[in-house]
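A.B. asks: Under the working numbering, the residues of the sequence shown are numbered 399 to 625, in order. Glycine is no exception: its CB is placed at the ideal position from the N, C-alpha and C atoms.
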Amino acid sequence: MTERVLEIRERIIVAAARAGRSPDEITLVGVSKRHSAESVRAAWAAGVREFGENYVQEARDKCAQLSDLSELRWHLIGSLQSNKARLAVSLFEMVQTVDRLSLAQALSRAAVERQKELSVLVEVNLAGSANRAGVAEAEALALCEQVSALPNLRLCGFMGMAPLCADVEATRPHFARLRQLFEGLPDSKRQVLSMGMSGDFEAAIAEGATLVRIGTALFGQRPSVAE
Numbered sequence: 399m400t401e402r403v404l405e406i407r408e409r410i411i412v413a414a415a416r417a418g419r420s421p422d423e424i425t426l427v428g429v430s431k432r433h434s435a436e437s438v439r440a441a442w443a444a445g446v447r448e449f450g451e452n453y454v455q456e457a458r459d460k461c462a463q464l465s466d467l468s469e470l471r472w473h474l475i476g477s478l479q480s481n482k483a484r485l486a487v488s489l490f491e492m493v494q495t496v497d498r499l500s501l502a503q504a505l506s507r508a509a510v511e512r513q514k515e516l517s518v519l520v521e522v523n524l525a526g527s528a529n530r531a532g533v534a535e536a537e538a539l540a541l542c543e544q545v546s547a548l549p550n551l552r553l554c555g556f557m558g559m560a561p562l563c564a565d566v567e568a569t570r571p572h573f574a575r576l577r578q579l580f581e582g583l584p585d586s587k588r589q590v591l592s593m594g595m596s597g598d599f600e601a602a603i604a605e606g607a608t609l610v611r612i613g614t615a616l617f618g619q620r621p622s623v624a625e
């Protein structure tokens with residue numbers, strides 16, 4: 399695990415240098431979906447402190463098993479149903495997948511109840527496909543204004559996923575559009591631009607990503623779901 403973490407960090411350093419950026423601007427989030435708590439513990443021991451989960455139930459179990467680890471921060475990077483907002487608020491420091499006002503309102507109510515300030519990102523549908531999560535690009539800034547007005551939510555920026563492309567360079571225009579949206583936010587909301595995964599994070603860094611979500615390159619292939 400230590401070798402994998404060092405390799406990823408070196409790739410981040412090289413990609414940042416090519417873009418004329420500091421690697422200190424870029425946060426590595428390990429995507430631990432369907433990987434064991436022991437795998438997360440190994441990544442933590444290798445220096446990773448931020449982890450992304452797709453499902454609140456799976457995250458709840460891992461949080462309980464890893465409660466002894468210091469400085470560990472959990473991000474929700476999967477779609478969230480509004481009826482699970484209360485549980486999500488109790489588990490995560492950041493929800494990256496706010497894509498509708500009703501979800502933001504549910505998270506706000508839960509955060510108020512818990513007396514917690516929750517960091518959130520608005521997820522943008524870069525593929526323009528109805529079967530992909532995220533708010534439409536044309537509606538993203540308006541949703542940000544609505545989210546910003548809700549109590550106990552701290553809007554920090556955008557999250558997006560580029561369409562799968564055989565040529566990684568083909569992802570860059572999608573990342574560039576998200577960066578342009580990001581630049582339209584007020585300074586106080588322009589803190590996190592989450593884009594880039596194992597196969598395209600260097601292209602995302604070239605286009606301004608401040609947070610990359612790395613699963614396979616860090617943990618290996620996900621275990622198969624049991625029948």
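Would you check if the segment 567 to 578 and the segment 608 to 619 touch, i.e. whether three or more CB-CB distances between them fall below 8 Å?
C.D. replies: Because the criterion of three Cβ pairs below 8 Å is not met, the segment 608 to 619 and the segment 567 to 578 do not touch.
A.B. asks: So, at 6 Å on beta carbons, what are the nonlocal neighbours of A444 in its own chain, with the 5 sequence-adjacent residues on each side left out?
C.D. replies: As a first step, residue 444 is located in the sequence shown; it is residue number 46 there, counting from the start. The residues are M399, T400, V403.
A.B. asks: Which runs of the alpha helix (DSSP H) at least 4 residues long sit entirely within the segment 554 to 619? Give them in chain order.
C.D. replies: 570 to 581, 599 to 604, 614 to 617, all fully within the segment 554 to 619.
A.B. asks: Report the residue from A504, S488, T495, G418 whose alpha carbon sits nearest the alpha carbon of N481.
C.D. replies: Start at 1 with the first residue of the sequence shown, and residue 481 comes out as number 83. The candidate whose alpha carbon is nearest that of N481 is A504.
A.B. asks: Let me know the secondary structure DSSP gives P621 once reduced to three states.
C.D. replies: Here residue 621 refers to the residue found at position 223 of the sequence shown. If DSSP states are grouped into helix, strand and coil, P621 belongs with coil.
A.B. asks: Tell me the DSSP secondary structure of Q455 in three-state form.
C.D. replies: Within the sequence shown, the letter at position 57 stands for residue 455. Note: Q455 maps to helix in three-state DSSP.
A.B. asks: Three or more C-beta pairs closer than 8 Å, one from the segment 481 to 494 and one from the segment 429 to 444: is that the case here?
C.D. replies: Segments in contact, no.
A.B. asks: State the Cα-Cα distance for the pair F449 and D598, rounded to the nearest angstrom.
C.D. replies: On the sequence shown, position 51 is the one that residue 449 refers to. On the sequence shown, position 200 is the one that residue 598 refers to. Answer to the nearest angstrom: the Cα atoms are 18 Å apart.
A.B. asks: Going by beta-carbon coordinates alone, are C555 and L524 separated by less than 8 Å?
C.D. replies: In the sequence shown, residue 555 corresponds to position 157, counting from 1. In the sequence shown, residue 524 corresponds to position 126, counting from 1. According to the sequence as given, residue 555 is Gly; it is not Cys. No, the Cβ-Cβ distance between G555 and L524 is not below 8 Å.
A.B. asks: Would you decide whether S468 is buried or exposed? Buried here means 16 or more other CB atoms lie within 10 Å of its CB.
C.D. replies: Start at 1 with the first residue of the sequence shown, and residue 468 comes out as number 70. By the 10 Å Cβ count, S468 comes out exposed.
A.B. asks: In terms of residue numbering, what span does the beta strand (DSSP E) encompassing S344 cover?
C.D. replies: There is no way to answer for residue 344, as the model of the chain reaches only from 399 to 625.
A.B. asks: Counting only the same chain and skipping the five closest in sequence on each side, list residues whose C-beta sits under 6 Å from that of R570.
C.D. replies: What you label residue 570 is simply residue 172 of the sequence shown in a count that begins at 1. So the qualifying residues of the chain are A601, E605.
A.B. asks: In terms of alpha-carbon separation, which member of S586, G476, W472, S546 lies closest to S506?
C.D. replies: Taking the sequence shown and counting its residues from 1, one reaches residue 506 at position 108. Checking every option, the nearest Cα to that of S506 belongs to S546.
A.B. asks: With 16 other CB atoms within 10 Å as the buried threshold, where does Q578 fall?
C.D. replies: Taking the first residue of the sequence shown as 1, we reach residue 578 at position 180. Exposed, by the Cβ-count rule.
A.B. asks: Indicate the three-state DSSP secondary structure (helix, strand or coil) for E448 in the structure shown.
C.D. replies: Locating residue 448 in the sequence shown gives position 50, counting from the first residue. Looking at E448 - three-state DSSP - the assignment turns out to be strand.
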